[in-house]
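Student: FYI, in mature numbering (1 follows the signal peptide of the UniProt record, and there is no 0) the residues of the sequence shown are -23 to -1, 1 to 72.
Handing you a structure now.
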Amino acid sequence: MAMSYGTSLALLVLSVVAIVASASDPDPVADFILSGANGAPVTGANFAFRGLNNVNVTSGQGSAAKPAIAATFPALASQGISAAFYNYAPCGQVI
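This is the structure in structure tokens:
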């Protein structure tokens, strides 16, 4: 069964676009700072984040969030690798 000219052209364009378009995340290693702050040596403490160990629900809404982002995690250089811990009290809500 022969394909029509339009179908052949559509498949050709689709295959060219599929080859040209490539989406991927940059290398995750680029998200980490591999030198210490102010020239200090790099230690394991730079890569250990203990801020998610204790998240208490203290707000009146019944929920709390604790982010592990570049501002609070010394080894991160960007938001490529980040996390957040959400804690909900019974019947808690997020507004």
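All C-beta atoms in this analysis are idealised placements derived from N, C-alpha and C, irrespective of residue type, glycine included.
Can you give the Cα-Cα distance for glycine 39 and glycine -18, rounded to whole angstroms?
Tutor: Glycine 39 and glycine -18: Cα-Cα distance of roughly 59 Å.
Student: For phenylalanine 62, which of Arg27, Cys68, Ala52, Pro51 has the nearest alpha-carbon?
Tutor: Closest option to phenylalanine 62, Cα to Cα, is Arg27.
Student: I'd like to check one pair, asparagine 64 with alanine 45: are the Cβ atoms closer than 9 Å?
Tutor: No. Outside cutoff.
Student: Would you tell me roughly how many angstroms separate the C-alpha atoms of isoleucine 10 and proline 67, rounded to the nearest one?
Tutor: In a straight line, the C-alpha of isoleucine 10 is about 39 Å away from that of proline 67.
Student: To the nearest angstrom, report how far apart alanine 22 and leucine -15 are at their CA atoms.
Tutor: Computed Cα separation, rounded: 57 Å.
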